[in-house]
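A.B. asks: In this note's numbering, the protein residues as written are 4 to 338.
Glycine included, each C-beta is placed from N, C-alpha and C at the ideal position.
Just passing along the structure, written as structure tokens.
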Amino acid sequence: MAILVTGGAGFIGSHTCVELLSTGYEVIVVDNLSNSSEEVLSRIERITGKNTRFYKGDVRDKELLRTVFSENTVEAVIHFAGFKAVGESVQLPLMYYNNNLTSTLILLEVMQEFDVKRLVFSSSATVYGIHNPVPLTEDMPLSASNPYGRSKLFIEEILRDLYISDESWSIALLRYFNPIGAHSSGLIGESPKGVPNNLMPYISQVAVGKLEKLNVFGNDYATADGTGSRDYIHIVDLALGHLKAIKWVMAHRGCDAFNLGTGKGTTVLQLRDAFVNSTGVEIPYSYASRRPGDADEVYACADKARDQLGWEAKYDIEAMCLDTWRWQKNNPDGF
Ligand code: NAD
Ligand code: UD1
């Protein structure tokens, strides 16, 4: 069975391709490499011993998508392609709306044309905004405070409308919490361009000596030690969640959202300490001011994914740190 993976060369996409191939799916990747490298595809092949069918190009290119759907029997699509940096989205909203929304609309039009109506979409915990109480459940009110978050929110709404218009669609909206870690081979992992915005890639670049120290954004949050708390989830657990979602879209009709998180919060200092303790590498840090828009504490209620998808996160924070470190020290400059 062939699955089309848009953005399959990216961080989450590459780990998902590995799990799909290892389970016996055929995998077709469309990626324009705007935030990734072609080397990822050879690494996926080294890990799995299997090839993906790669189309280098933009999901907004309708003719390219038509070619992909004509040349392959696509059963379902996992749509990862998009931009994801919150700060950049505030600076360049049109670029974000164009890429994230247009790519989705074009993809949906072509899927409809070829009568492929099973979709797994990369949403984000960011759609819960910052005013809901934790743990976050899928039925809570949604909001967004930046163009990136709004693009995810709009796409969720578009997909709900699409299902209302045609109930033969089957759509899983996966709301990811904070994916970190890397494949245990150390061959693929997160490879941000420039200085990382997110905590774990920042810590691992301090560990490898590329950055001097960690800036802890705020120490007066309402958490155990005053630093922000998040629900970190191992990237392989997240990837496996997509396999369960594929099974779900093959067996159900509907448009439904699922949190992919562990249900546990870890503060910035707890993550930093876990990294130091598991790897033995010192991470110097100092306190800096809060980053605007950050919530005190964000973690999932992961019961719905457990009950309806049969998925649960397995890896702990120590495994997330060790796997991140193995990837980072073997690939200090990424791909
Ligand atoms: P990533 O940047 O590593 O991967 C995205 C991939 O999509 C890249 O390989 C990029 O080259 C490709 N791409 C972007 N626009 C494209 C286009 N128009 N056509 C073809 N390819 C295109 O990001 P990621 O961390 O793997 O995230 C994947 C998805 O998950 C994104 O939609 C992101 O918003 C969402 N998400 C990520 C996180 C996270 O913490 N990483 C959290 C929540 C949601
Ligand atoms: C951020 C985005 C979110 C996006 C997610 C994955 C914001 C407000 N939110 O989530 O929309 O889906 O990334 O791309 O940008 N921290 C530090 N020092 C650092 C970096 C982070 O102290 O150098 C702290 C933050 O204040 C936060 C925690 O670490 O408390 C996690 O931050 P980060 O990894 O950026 O994830 P989120 O903010 O949860």
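#1: Measuring CA to CA, which of Leu246, Cys304 and Glu315 is closest to Pro138?
#2: For Ser40, report the span of its alpha helix (DSSP H) as first-last.
#3: Take the Cβ of Ser126 as the centre, count every other Cβ of all protein chains shown within 10 Å, and call the residue buried at 16 or more, exposed below.
#4: Tell me the residue span of the alpha helix (DSSP H) that contains Asp14.
#5: Using DSSP's beta-bridge definition, name the partner residues of Asp259.
#6: Do Val71 and His245 count as a contact pair if the criterion is CB distance below 7 angstroms?
#7: Ordered along the chain, which non-local residues of its own chain (more than five positions away) have a Cβ less than 6 angstroms from that of Gly221?
#8: Quick one: Cα of Leu2 to Cα of Glu22, how far?
#9: With three or more beta-carbon pairs closer than 8 angstroms as the criterion, would you say the region 38 to 47 touches the region 191 to 202?
#10: Take Leu241 as the anchor and find which of Thr9, Leu7, Ile15 and Gly11 has the nearest alpha-carbon.
#11: Quick one: does the C-beta of Gly197 sit closer than 6 angstroms to a heavy atom of the ligand UD1?
#12: Taking C-alpha atoms, which residue in Ile133, Lys307 and Ser45 lies nearest to Pro295?
#13: For the ligand UD1, I want to know if Asp297 counts as a neighbour, meaning its beta carbon is within less than 6 angstroms of at least one of the ligand's heavy atoms.
#14: May I ask you to verify whether the region 165 to 185 touches the region 316 to 336, counting CB pairs closer than 8 angstroms and requiring at least 3?
#15: Report, in whole angstroms, the separation of the C-beta atoms of Ala128 and Tyr179, which I expect to be a contact under 8 angstroms.
#16: State the CB to CB distance for the pair Val32 and Ala12, rounded to an integer number of angstroms; the pair is presumed to be in contact (CB under 8 angstroms).
#17: Any heavy atom of the ligand UD1 inside 6 angstroms of the beta-carbon of Thr129?
#18: In the DSSP assignment, find the unbroken beta strand (DSSP E) run with Asn334 in it and report its ends.
#19: Do Asp234 and Thr270 have their C-beta atoms closer together than 7 angstroms?
#20: Can we say the region 89 to 98 touches the region 43 to 50, given the rule of at least three CB pairs closer than 8 angstroms?
#21: Could you work out which residue in Tyr166, Val219 and Lys317 is closest to Arg275 when comparing CA atoms only?
#22: Note the first and the last residue of the continuous beta strand (DSSP E) segment covering Pro182.
#23: Buried or exposed: Ala260, going by 16 or more other Cβ atoms within 10 Å of its Cβ?
#24: Per DSSP, what are the beta-bridge partners of Ser289 in this structure?
#25: Less than 7 angstroms between the beta carbons of Leu110 and Ser154, yes or no?
#26: Would you call Asn102 buried or exposed, if buried means 16 or more other Cβ atoms sit within 10 Å of its Cβ?
#27: I'd like the span of the beta strand (DSSP E) that includes Ser126, first residue to last.
#28: Pick from Asn135, Asn75 and Glu160: whose alpha carbon is nearest that of Asp118?
#29: Provide the residue(s) that pair with Ser146 in DSSP beta bridges, ordered along the chain.
#30: Fully enclosed by the region 64 to 103, which alpha helix (DSSP H) runs are 4 residues long or longer?
#31: Between the Cα of Lys59 and those of Val301, Thr9, Val252 and Ile238, spot the shortest distance and give me the residue it belongs to.
C.D. replies: In terms of the structure at hand:
#1: Cys304
#2: No alpha helix (DSSP H) holds Ser40; DSSP gives it neither H nor E.
#3: buried
#4: Checking the sequence shown, residue 14 turns out to be Phe, not Asp. Element bounds for Phe14: Phe14 to Thr26.
#5: For Asp259, which the question treats as bridged, DSSP gives the partners Ala175.
#6: no
#7: Arg293
#8: No answer is possible for residue 2: the residues shown for the chain start at 4 and end at 338.
#9: yes
#10: Ranked by how close their Cα comes to the Cα of Leu241, the residues Thr9, Leu7, Ile15 and Gly11 have Ile15 in first place.
#11: For the ligand UD1, not one heavy atom lies less than 6 angstroms from the Cβ of Gly197.
#12: Ile133
#13: Indeed, a heavy atom of the ligand UD1 lies less than 6 angstroms from the Cβ.
#14: yes
#15: 6 angstroms
#16: 6 angstroms
#17: Yes, the Cβ of Thr129 comes within 6 angstroms of a heavy atom of the ligand UD1.
#18: Counting along the chain, Asn334 falls outside any beta strand (DSSP E), and DSSP gives it neither H nor E.
#19: Going by C-beta atoms, Asp234 is not nearer than 7 angstroms to Thr270.
#20: Contact annotation: the region 89 to 98 does not touch the region 43 to 50, with fewer than three C-beta pairs closer than 8 angstroms.
#21: Val219
#22: Asn181 to Ile183
#23: Result: buried.
#24: Asn218, per the DSSP bridge assignment.
#25: no
#26: buried
#27: Arg121 to Ser127
#28: Answer by Cα proximity: Asn75.
#29: Beta bridge pairing from DSSP links Ser146 with Tyr131.
#30: Here the runs fully enclosed are 65 to 74, 89 to 94 and 96 to 100.
#31: Thr9
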